[in-house]
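Take 213 as the starting number for the sequence shown in our numbering and just add one per residue. Cβ coordinates follow ideal geometry from the N, Cα and C atoms, glycine included. Predicted model, so just to flag it, every value in this text is computed and none were measured. Structure first, commentary second.
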Amino acid sequence: MKPIRVGLLGIGTVGGGTFVVLKRNQEEIIRRAGRGIVITMVADREVEKARKIVGEGVIVTSDAYEIVTSPDIDIVIELIGGYTVAKDLILKAIEHGKHVVTANKALLASHGTEIFAAAQKKGVMVAFEAAVAGGIPIIKALREGLTANRIEWIAGIINGTSNFILSEMRDKGLAFDTVLDQAQKLGYAEADPTFDIEGIDAAHKLTIMAAIAFGIPMQFDKVYTEGIAKLTREDIRYAEELGYRIKLLGITKRTPKGIELRVHPTLIPARRLIANVEGVMNAIVVKGDAVGATLYYGAGAGAEPTASSVVADLVDVTRMHTADPKHRVPHLAFQPDLLSNTPILKMDEVETSYYLRLRTQDRPGVLADITRILADLNISIDAMVQKEPGEGEDQVNIIMLTHLTIEKNINAAIVKIEELPVMTGKVTRIRLEELNSK
Ligand code: NDP
Ligand code: HSE
């Protein structure tokens, strides 16, 4: 059988990795897919750069539209990124009957509904394994491997850059900006690295996972998002002393009142496997009603790890492209006409535990005032430590861990605590999850 013909849009970090992996492993890929998968056209803004990577025998163009409209292309890989050009190119490729493989989580989280509807109508596939957690086959696991289960919750370290920053800051005592610079040089960070640091990239990925796990539409605008920029080394150290690690987690949970969708720094017990995921590695815990908790671990970013997912999608699409579209796995795991309208829970209503750090004057009665405020709001304290004041200081750090409580109660308590005259700074609040597998 003749090889399937692929057009690659964007040969940067992931595009370059994809070209290399596909070429290197072509023999194995033929044995798996039943035919060759060959990149015959490449588009990039820098034609010279692209030519250097692909050598001779591949058409290189600066006009990506030439590829998406070409009758000689069966599958288009979009690895440009961003919302505008990439969206237009994908829709144009679909219009021209091409299957699409993309790693563009930002685009799918915001415009996935429109893109999948267009693909459905045209009978083509849009595959996106690389969009969540780089090289980890989490989309495959959620969409197919766990299909027997009612998914209860997912919690994941799904941004390699921020995990890399937190790990290097903790282990090597490096400054935030130094580590971010390294992550950019290593090709981990997004074109706009605030997406990584502010939790937006993780929110994109969480949106996609929640849609597949619960059969709900993509609702990126409803994700509560808080990044790592305000975390201090002091809090990372205090958390360690209490037996916890701080990780940027994406959490989605089915509750009787609605679905939680949230990204924020989170204390997790240091003994959990996921607490020990360091550097650019990602890990996702998925709790299903039948299987219990399952853990997926691997490189969350980088050229070849991400290419591993892109190429896996190419093989899948190659295997399935002659199948009746009705017999393919639905894009979002559930039949498109059977999506549920379960509401997304407002952050105020979310129930979790909290780490609080309070800086106060070291005076009698301070603790009594604070604990009264907490008790009045039905917030129960799980652990409390008062740090010794520094030499010549009359201020102390008080660290508290709470039991489960509702976010709006903690917010109200923080307002009242900050009004106490003995307080000498703002309250630091970090959410805490036990991530019990039960
Ligand atoms: P890069 O910036 O490294 O690569 C993008 C490439 O596309 C660049 O070579 C760029 O050229 C080219 N490009 C930009 N605009 C056009 C255009 N209009 N026509 C043709 N080529 C164009 O990005 P990444 O490879 O890192 O990311 C690609 C996608 O993969 C993004 O959606 C990203 O979110 C996603 N992703 C990235 C991961 C990673 O580890 N890097 C992991 C998982 C997903 P130029 O350099 O001249 O602008
Ligand atoms: N910038 C992303 C990260 C790339 O650091 O995880 C992988 O999606």
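For residue i, three-class secondary structure by DSSP
i	result
H667	In this structure the chain extends from 213 to 650, so residue 667 is not present and cannot be described.
P548	helix
T564	strand
Q431	coil
N621	helix
E278	helix
M612	strand
I242	helix
A482	coil
Y436	strand
Y295	coil
M213	coil
L392	helix
M596	strand
N488	helix
R569	strand
Y400	coil
L473	strand
L526	helix
A451	helix
T230	helix
G324	helix
Heavy atom of the ligand FMN within 7 Å of residue i beta-carbon
i	result
G346	In the structure on display, the ligand FMN does not appear, and the ligands it does have are the ligand NDP and the ligand HSE.
beta-carbon residue i near the ligand HSE non-hydrogen atom, thresh 7 Å
i	result
A401	yes
N316	no
T444	no
T230	no
A524	no
T373	yes
D549	no
A513	yes
D413	yes
A404	The sequence shown places Asp at residue 404, not Ala. For the ligand HSE, not one heavy atom lies less than 7 Å from the Cβ of D404.
D408	yes
Assumed close pair residue i, residue j - CB separation to whole angstroms, cut-off 8 Å
i	j	result
P215	R247	6 Å
T325	M430	6 Å
N316	A343	6 Å
L557	K469	6 Å
H416	A321	4 Å
Y450	I593	16 Å between Cβ atoms; not a contact.
R466	F432	About 18 Å; that fails the 8 Å criterion.
E630	V639	6 Å
L358	V503	7 Å
Closer than 8 Å to chain D by CB, residue i
i	result
T296	The question asks about chain D, but that chain is absent: this structure has only one protein chain.
Whether residue i touches residue j by CB criterion (8 Å)
i	j	result
P481	E356	no
G229	T518	yes
L461	T478	yes
G222	L291	yes
G637	A513	no
L392	I377	yes
E472	V562	yes
L644	Y566	yes
V226	V522	yes
K310	V272	no
V233	E516	yes
I249	L526	yes
N361	G500	yes
R445	A487	no
M635	T572	yes
A298	L319	yes
S374	D404	no
A395	A401	yes
Any non-hydrogen atom of the ligand NDP closer than 7 Å to residue i Cβ
i	result
T226	Before going on, a small fix: residue 226 reads as Val here, not Thr. V226: yes, Cβ under 7 Å from the ligand NDP.
R257	yes
I242	no
V336	no
L291	yes
I622	no
V288	no
L305	Note on residue identity: the sequence assigns Ala, not Leu, to residue 305. No, since every heavy atom of the ligand NDP falls outside the 7 Å radius drawn around the Cβ of A305.
V266	no
T518	yes
I350	no
I223	yes
A276	yes
V297	yes
Legend entry - Contact between the stretch 368-375 and the stretch 486-499 (3+ Cβ pairs under 8 Å): yes
Legend entry - Three CB pairs or more closer than 8 Å across the stretch 586-594 and the stretch 614-628: yes
Inset, instruction - Count the C-beta pairs between the stretch 330-350 and the stretch 543-554 that are closer than 8 Å, then say yes if the count reaches three, no if not. - result: Remark: three or more beta-carbon pairs, one from each stretch, lie closer than 8 Å, so the stretch 330-350 and the stretch 543-554 are flagged as touching.
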